[in-house]
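Residue numbers (this note's numbering): 224 to 359. Backbone N, C-alpha and C define an ideal beta-carbon position, used for all residues, glycine too.
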């Protein structure tokens, strides 16, 4: 993924293209799940992305970088399921999009917001360790 500004990322809408190749029945099933369940899926992919990023930084093996890119692609696809869900409010989609960009900025780009591993996961962790009821 090439670096892009937060504004460009917020204006990007590739979710329709990504979910168009998914099985419609699977997508409908994923959309019918609660927002909490969907965001737990997002948390799982974000958490796995961070685990791979940490391992890559410890070992600096080229293969691990490719694993990170593949994992971030899987993470983005799960985010796109949320973005394409007509039952999820715009505020939840926008905050997810910001958190997604911050994860990319931290793991791939120049870490513009000067996050660390804990701060970049803070938004995602709320779905595993506590619940942000404002978004539900």
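Quick check: the Cα distance between residue 336 and residue 325, rounded to an integer number of angstroms? 8 Å
Between residue 300 and residue 238, what straight-line distance do the alpha-carbon atoms span, to the nearest angstrom? 8 Å
Would DSSP call residue 253 helix, strand or coil? helix
Please list, in chain order, all residues of the same chain as residue 291 whose beta carbon is under 6 Å from its beta carbon, the five residues on each side excluded. 275, 276 and 279
Terminal residues of the alpha helix (DSSP H) in which residue 234 lies: 229-234
Identify the continuous alpha helix (DSSP H) that holds residue 344 and give its terminal residues. 340-352
Which of the three DSSP states, helix, strand or coil, is assigned to residue 226? coil
Is the beta carbon of residue 263 sitting closer than 8 Å to the one on residue 344? no
For residue 265 and residue 319, which I take to be in contact (beta-carbon distance under 8 Å), what is that distance rounded to the nearest angstrom? 7 Å
Measuring straight from C-alpha to C-alpha, what distance separates residue 352 and residue 346? 11 Å
Among 256, 225 and 224, which residue has its Cα nearest to the Cα of residue 310? 256
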